[in-house]
Amino acid sequence: MLKEFVKTPLAGVVVGALVCGFLTAGPSLAVSNGTAPVVENNIDWSAAEASAAATAEREQTASEAFLALTSSTDATALPVMLFGVEAGLSIPAFVSQGSAYAAFYAEDGIQLSISGSKAVVQAPDSLTLYREPTAFENIGDGADYSLQRFGASYTLRITCHQPTEDTRCTQPDYLTELAGTLFVVEGQANEK
Amino acid sequence: MRNKVLTALAMVLVGTVTAQAEPRFEAPGYLLENSGEGVKSPVVFFPEMRFPIESGPVYANSHAFSVGGAKGPEGDSCDASNYSFPWRDNFCELRRSDQPLCGAGGHTGQDLRPATCEKSVHWAVAATDGVIAHVGRFAVTVQSSDGALHRYVHLDMDSVVVAPMDRVTKGDRIGTVSNSWLSEIPIHLHYDIKQPVQIGGQVHTLFLPPYSSLMAAYEKMN
Chain A
1 MLKEFVKTPL AGVVVGALVC GFLTAGPSLA VSNGTAPVVE NNIDWSAAEA
51 SAAATAEREQ TASEAFLALT SSTDATALPV MLFGVEAGLS IPAFVSQGSA
101 YAAFYAEDGI QLSISGSKAV VQAPDSLTLY REPTAFENIG DGADYSLQRF
151 GASYTLRITC HQPTEDTRCT QPDYLTELAG TLFVVEGQAN EK
Chain B
1 MRNKVLTALA MVLVGTVTAQ AEPRFEAPGY LLENSGEGVK SPVVFFPEMR
51 FPIESGPVYA NSHAFSVGGA KGPEGDSCDA SNYSFPWRDN FCELRRSDQP
101 LCGAGGHTGQ DLRPATCEKS VHWAVAATDG VIAHVGRFAV TVQSSDGALH
151 RYVHLDMDSV VVAPMDRVTK GDRIGTVSNS WLSEIPIHLH YDIKQPVQIG
201 GQVHTLFLPP YSSLMAAYEK MN
């Protein structure tokens, strides 16, 4: 039957359409199933414990207030870092997801959060680093400040009521200073 | 009878070709001409994610370089061309120039227009199980259990039904898609995802290309 079909005028239409279709399809793509593995980094608990001990006295009040939160008892598989007393912030809301945690501070005209995680995406060859990442990054409605400590990754995020005017969002100084106050909560520097 | 069979066969083939000629998705990294240099990676970084808008159709394209956009042809941002397939990647689009993964440009995510050009109607939903890590004036961030930060920008914040530290599961409503910003912009959801990534032995926390993951999630939703 195929041989007969090839001889018909319809066959020309079909072949023409096939050629046209492939030519005009351009870079369109079916959904790929290639993925990038995500692995959990090893945590340097000794370094975290040493850091917590070094700041324990200075941050005692903040640590005790945090540890009084019910949510602080949830197991967290990375050191919990919070803003220290020098930041002048209130005790944050906190939630743990085991291998990640989030802390949130609502302050006058700004919102601040700390997102900690021990998971890391393994980049495929198709990703290229065109420029060296910076710790501070404007994100439109605010800014991020990213750092790695003890094998974990932490992202400080700030948003402002006036994100294009408030220098706490537009300039790196404020987040950089806050990052400098980060401390490991004593009692949270060991794997539960 | 034989002619009818041959005609039917021809119709099926032509239909297939027509469908190929009108794809729903342009390939990852193929940005609009002169709008930047995209990341031509088909890798689905977030294979488990749910599509971040509750229901379709949804149109992925640039709100800035399309009709009615700040850098696009003059016209109404509700123009039918903005609400049509195929999708178009706009990660790395020329809004800024400091994104480490962008050869040129630096848009941190993907613009998504909901089914109709109406604000405060279409729901943005959790793309992942996780917690609400941040709520600002214009945006909500969901942290997944592996630390990825999924950000939803330009929501109608009066519609937001979540609060910081709430736990969410995939598909939970977050807020409606709008155009909240300091100035008038087209109705769309800016969606981006940031996560630590190891490149060349170093770990950096970066905005990752979301387009392929969004394509896969959209295919699953439909």
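Residue numbers (the numbering used here), protein chains in the order written: chain A, 1 to 192; chain B, 1 to 222. All C-beta atoms, glycine included, are put in the ideal place defined by N, C-alpha and C.
Y30 (chain B): not part of any alpha helix (DSSP H); DSSP gives it neither H nor E. Interface annotation for the stretch 147 to 162 of chain A against chain B: Q148, S153, T155, R157, T159 and H161, criterion Cβ-Cβ distance under 7 Å.
Judged by DSSP secondary structure, D173 (chain A) falls within the alpha helix (DSSP H) whose first and last residues are D173 to T181.
Counting other Cβ atoms within 10 Å of its Cβ, A80 (chain B) stays below 16 and is therefore classed as exposed. T35 (chain A) carries a strand assignment under DSSP once its states are collapsed to helix, strand and coil. Along the stretch 160 to 180 of chain A, the positions whose C-beta sits under 7 Å from a C-beta of chain B are H161 and T164, read in chain order.
Within the same chain, Cβ atoms closer than 8 Å to the Cβ of K119 (chain B) are found at D156, T176, V177, S178, N179 and I187, the five residues on either side in sequence being excluded.
A distance below 9 Å separates the beta carbons of H154 (chain B) and H190 (chain B). Counting other Cβ atoms within 10 Å of its Cβ, Q60 (chain A) stays below 16 and is therefore classed as exposed.
For S126 (chain A), the chain B residues whose Cβ falls inside 8 Å of its Cβ are V39, K40, S41, P42 and V43, in order along the chain. Its Cα nearest to that of S71 (chain A), the residue A:F104 stands out among A:F104, A:A87 and A:G84.
Within the stretch 196 to 208 of chain B, the residues whose Cβ lies closer than 8 Å to any Cβ of chain A are, in chain order, P196, V197, Q198, I199, G200, V203, H204, T205, L206 and L208. At the C-beta level, D144 (chain A) and T205 (chain B) come within 9 Å of one another. The DSSP assignment places 93 to 96, 100 to 107, 110 to 117, 119 to 122 and 136 to 138 as complete runs of the beta strand (DSSP E) inside the stretch 80 to 141 of chain A, in order along the chain (cut-off: 3 residues). Inter-segment contact for the stretch 133 to 142 of chain A and the stretch 161 to 181 of chain A is present: three or more beta-carbon pairs are separated by less than 8 Å. In this structure, S145 (chain B) lies away from G180 (chain A), with their beta-carbon atoms at least 9 Å apart. With the criterion set as a beta carbon lying under 8 Å from some beta carbon of chain B, the members of the stretch 112 to 140 of chain A are S113, S115, G116, S117, K118, A119, V120, V121, Q122, A123, P124, S126, L127, T128, L129, Y130, R131, E132, P133, T134, E137, N138, I139 and G140, in sequence order.
Under the DSSP assignment, A133 (chain B) falls in the beta strand (DSSP E) whose first and last residues are G130 to V135. Residues of the same chain with a CB within less than 8 Å of the CB of A152 (chain A), apart from the 5 flanking positions on each side, are N41, I43, L78, P79, G116, S117 and K118 in chain order. Taking a beta-carbon distance threshold of 9 Å, D44 (chain A) does not count as an interface residue toward chain B. Taking a Cβ-Cβ cut-off of 8 Å, the neighbours of T35 (chain A) in chain B comprise V43, V44, F45 and P47, given in sequence order.
Here Q148 (chain A) is bridged, per DSSP, to A:S153. Between S90 (chain A) and G36 (chain B), the alpha-carbon positions lie close to 42 Å from each other. By the CB criterion at 9 Å, D172 (chain B) and A217 (chain B) fall outside the cutoff. Shown here, R168 (chain A) sits in a helix according to DSSP, grouped into three states. R88 (chain B) is a Cβ neighbour of S62 (chain B), given a cutoff of 9 Å. Residues F83, A87 and L156 of the same chain have their beta carbon placed closer than 7 Å to that of L178 (chain A), with the five preceding and five following residues left out of the count.
Residues of chain A with a Cβ closer than 8 Å to the Cβ of L149 (chain B) are, in chain order, S115, T155 and R157.
At a cut-off of 9 Å between beta-carbon atoms, V95 (chain A) makes contact with chain B.
For S51 (chain A), the closest Cβ of chain B is not nearer than 9 Å. About 15 Å separates the Cβ atoms of G130 (chain B) and P196 (chain B), ruling out a contact at the 8 Å cut-off.
If you ignore the 5 residues before and after V39 (chain A), its C-beta comes within less than 8 Å of the C-beta of A119, V120 and Q122, all in its own chain and listed in chain order. Here Y152 (chain B) is not near P57 (chain B), since their CB atoms are 9 Å or more apart.
Listed along chain A, no residue sits closer than 7 Å to A127 (chain B) by beta-carbon distance, the nearest being about 15 Å off. Look at F66 (chain A) here: in three-state DSSP terms it is helix.
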